[in-house]
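*Asks:*
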Amino acid sequence: MPGPLNGVRVLDLTGVVSGPFATMFLADQGADVLKIEPIGGDITRRSRATIDKDGEFSALFISSNRGKRSLAIDVKSAAGREVLAKLVAKADVLVQNFRPGTMERLGLGVEELRQHHPRLIYVSISGVGDTGPYVKKRVYDPIIQGLSGFADIQSQPVTNRPQMIRTIVCDKTTAVFTAQAVAAALYAREKTGQGDHIQVAMLDAMISYLWPEGMMQYTVVGAEATAADPNDRPDLVFKTSDGYITAGTISDSEWQGFCRATGDPELAKDPRFATPSARSVNATARISKMAEYISRHTTAEWLERLDAADVPCSPILRRGEIIHNEQVVARDIIAEFDQPKVGRVRQPKPAARFAINEAAIGGPAPRVGEHSRDVLHELGYDDGAIDKMVAERSVRVAV
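Residue 191 in numbering that gives the first Met the number 0 sits at position 192 of the sequence shown, and the numbers go up by one each step.
1. Can you give me the start and stop residues for the alpha helix (DSSP H) that Lys34 sits inside?
2. Out of Ser240, Val236, Ser252, which has the shortest C-alpha to C-alpha gap to Ala246?
3. Answer yes or no: does any C-beta atom of chain B fall closer than 8 Å to that of Pro132?
4. Starting from Ser276, follow the beta strand (DSSP E) in both directions and report where the run begins and ends.
5. Ser207: which of Ile167, Thr172, Glu36 sits nearest, CA to CA?
6. Using CA coordinates, which residue listed in Ser125, Thr225, Leu86, Arg80 is at the minimum distance from Gly100?
7. Write down the C-beta distance between Val122 and Val87 rounded to the nearest angstrom, noting that I regard them as a contact closer than 8 Å.
8. Suppose you measure from the CA of Glu300 to the CA of Gly362; what does that come to, to the nearest Å?
9. Can you give, in chain order, each stretch of the alpha helix (DSSP H) that sits fully within the stretch 158-212 and has at least 4 residues?
10. Taking Glu335 as part of the beta strand (DSSP E), name the residues at either end of that continuous run.
11. Once the 5 residues before and after Pro349 are set aside, which same chain residues still bring their CB inside 6 Å of it?
12. Buried or exposed: which applies to Ser294, given that a residue is buried once 16 or more other Cβ atoms fall within 10 Å of its Cβ?
13. Quick check on the DSSP output: the alpha helix (DSSP H) that includes Ile152 runs from which residue to which?
14. Where does Ala71 sit, in a helix, a strand or coil, going by DSSP?
15. Which same chain residues, not among the five before or five after Lys387, have their C-beta less than 6 Å away from its C-beta?
16. So, is Thr166 buried or exposed, given that buried needs 16 or more other C-beta atoms within 10 angstroms?
17. Evaluate contact between the stretch 212-225 and the stretch 191-199, counting only Cβ atoms and requiring at least three cross-stretch pairs below 8 Å.
18. Given this structure, state the Cα-to-Cα distance separating Ile120 from Ala187, to the nearest angstrom.
19. Just the C-alpha distance for Val280 and Leu202, rounded to the nearest angstrom, thanks.
20. CB-CB under 8 Å to Lys75, same chain, minus the five flanking residues each way: which ones, in chain order?
21. Is the Cβ-Cβ distance between Ala78 and Val367 less than 8 Å?
22. What number of angstroms, rounded off, separates the C-alpha of Asp269 from the C-alpha of Gly213?
23. Could you pull out every residue in the same chain whose Cβ sits closer than 6 Å to the Cβ of Asp140, ignoring the five residues on either side in sequence?
24. Taking the beta carbon of Glu265 as the centre, do at least 16 other beta carbons fall within 10 Å, making it buried, or is it exposed?
25. Which of the three DSSP states is assigned to Arg343 in this structure?
26. Assign Lys85 to one of three DSSP states: helix, strand, or coil.
27. Per DSSP, Cys312 forms a beta bridge with which residues?
28. CB-CB under 8 Å to Arg68, same chain, minus the five flanking residues each way: which ones, in chain order?
29. Hey, out of Arg118, Ser63, Gly39, Arg45, whose CA is closest to Asp11's CA?
30. Could you say which of Ala204, Ala284, Thr177 lies nearest to Gly18 if we only look at CA atoms?
Structure, rendered in structure tokens:
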């Protein structure tokens, strides 16, 4: 069966990661996603180390743009604007992450387009939204990690120095919020016949994402608590005699299971750890005690003991170990396919698995302008008109 979004036409006017990653989810679920990129190609094709001899692909680009078609066009040219106008008339969804005001200057502002195309779902992704004193700031992932409290949550023990997480979590989280919102808007349109304007700001997305446990002490108005000391939030990385594991002991049964696994009956009698609240108050002491025991044996020994005691645990895998891990292999999470100009590549399959309307990787990432000629033919342009656009550098066609 085709994917659940089969038949949905998406214009992807986004760059970098937050927008392309969001529209890639839509492509995985069957949407026809047309990537509109500049004549020189999306910046992420070259922003990380390229992996093909012509410098057209980076691993980051492939991982955010698989399964899409590419139309390379100068959106500021007269021909480019004409083509975009025709594409918008046929589109269900338009996604853009230009800085505020850019789309209006291109004649693609939300008010103008939705006035002529009321069924269009117009999505605007931004760093901090379209209001407030930071509207004109240039924003990348670390800026939002700083503004949202994420870096504070990651603060280093002892020094309390805020710390960034080493992945572009804000971009990717925003992408998930965006893809979910598009699906909701498509469902609403089926009932009302009307499109919508969806705004997703990275700052909004990350504060929402962090709130449940990261902002617990600010939930009750008038009863705000001082932010926790990072020394009271030790992580659950434990060094064994030959590696690292993680283990959780939230419930009484899990703590008792851990005590049995240590082989030390005295540990279960320690009043500091006798109840969930006591273990929370004495978290640093508890985790230090766990680390002391865990350091005495190998990873394999501890996993066997903890599994037997029904204590949540796992090895901490290095990235190179993930693709060969027995659970990852059993779930068939990683797909391999041929990426033109690059060779064989790996990608994770869509995380949401549908029983009937199957989601799947729709194909490799496109070359710059790989589908330009096909798309223009679909719009009624003949080869002569297309060649003229190419000669004028209004359009790029992959050769």
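Just so it is clear, CB atoms sit at the ideal spot from N, CA and C, and this is done for glycine as well.
*Replies:* Let's see:
1. In the sequence shown, the residue the question calls residue 34 occupies position 35. Run containing Lys34: none in the alpha helix (DSSP H); it sits in the beta strand (DSSP E), 31-36.
2. In the sequence shown, counting from the first residue as 1, residue 246 sits at position 247. Per the Cα distances, Val236.
3. In the structure shown, chain B does not exist; there is a single protein chain.
4. One-based indexing of the sequence shown puts residue 276 at position 277. That residue, Ser276, is in no beta strand (DSSP E); its alpha helix (DSSP H) goes 275-280.
5. For the purposes of this step, residue 207 is identified with residue 208 of the sequence shown, where counting begins at 1. Ranking the options by Cα distance to Ser207, first place goes to Thr172.
6. Locating residue 100 in the sequence shown gives position 101, counting from the first residue. Ranking the options by Cα distance to Gly100, first place goes to Ser125.
7. Within the sequence shown, the letter at position 123 stands for residue 122. Within the sequence shown, the letter at position 88 stands for residue 87. Not a contact, Cβ separation roughly 13 Å.
8. Here residue 300 refers to the residue found at position 301 of the sequence shown. Here residue 362 refers to the residue found at position 363 of the sequence shown. Whole-angstrom Cα-Cα distance: 42 Å.
9. 168-191
10. Against the sequence shown, residue 335 aligns to sequence position 336. Residues 333-338.
11. Position 350 of the sequence shown, counted from the first residue, corresponds to residue 349. Result list for Pro349: Asp27, Ala358, in chain order.
12. Translated into the one-based positions of the sequence shown, residue 294 becomes position 295. Exposed, since its Cβ has fewer than 16 Cβ neighbours within 10 Å.
13. By 1-based counting over the sequence shown, the position of residue 152 is 153. Looking at the DSSP string, the run of the alpha helix (DSSP H) that includes Ile152 is 149-152.
14. Taking the sequence shown and counting its residues from 1, the one referred to as residue 71 is at position 72. Of the three classes helix, strand and coil, the one that applies to Ala71 here is strand, per DSSP.
15. Residue numbering aside, residue 387 sits at position 388 when the sequence shown is read from its first letter. Correct list: empty, nothing qualifies.
16. As a first step, residue 166 must be located in the sequence shown, where it is residue number 167. Exposed is the call here.
17. no
18. The residue labelled residue 120 in the question sits at position 121 within the sequence shown. The residue labelled residue 187 in the question sits at position 188 within the sequence shown. If you take the alpha carbons of Ile120 and Ala187, they lie about 10 Å apart.
19. As a working mapping, residue 280 is identified with position 281 in the sequence shown. As a working mapping, residue 202 is identified with position 203 in the sequence shown. Computed Cα separation, rounded: 32 Å.
20. Here the question's residue 75 lines up with position 76 in the sequence shown. Excluding sequence neighbours, Lys75 sits near Leu105.
21. On the sequence shown, residue 78 is found 79 positions in, with the first residue counted as 1. On the sequence shown, residue 367 is found 368 positions in, with the first residue counted as 1. No.
22. Your numbering for residue 269 matches position 270 in the sequence shown. Your numbering for residue 213 matches position 214 in the sequence shown. Going by the C-alpha atoms only, they are around 29 Å apart.
23. Looking up residue 140 in the sequence shown gives position 141. Only Ile167, Cys169, Asp170 meet the Cβ criterion.
24. Here residue 265 refers to the residue found at position 266 of the sequence shown. With fewer than 16 other Cβ atoms within 10 Å, it is exposed.
25. Here residue 343 refers to the residue found at position 344 of the sequence shown. Strand at Arg343.
26. If you number the sequence shown from 1, residue 85 lands on position 86. Residue state, collapsed to three classes: helix.
27. The residue labelled residue 312 in the question sits at position 313 within the sequence shown. In DSSP, Cys312 forms a bridge with Ala246.
28. In the sequence shown, residue 68 corresponds to position 69, counting from 1. Asp31, Val32, Leu33, Lys34, Pro365, Glu369, His370, Asp373, Val374.
29. Translated into positions along the sequence shown, residue 11 becomes position 12. Residue Ser63 is the option with its Cα nearest to Asp11.
30. Counting from one through the sequence shown, the residue named residue 18 turns up at place 19. Answer by Cα proximity: Thr177.
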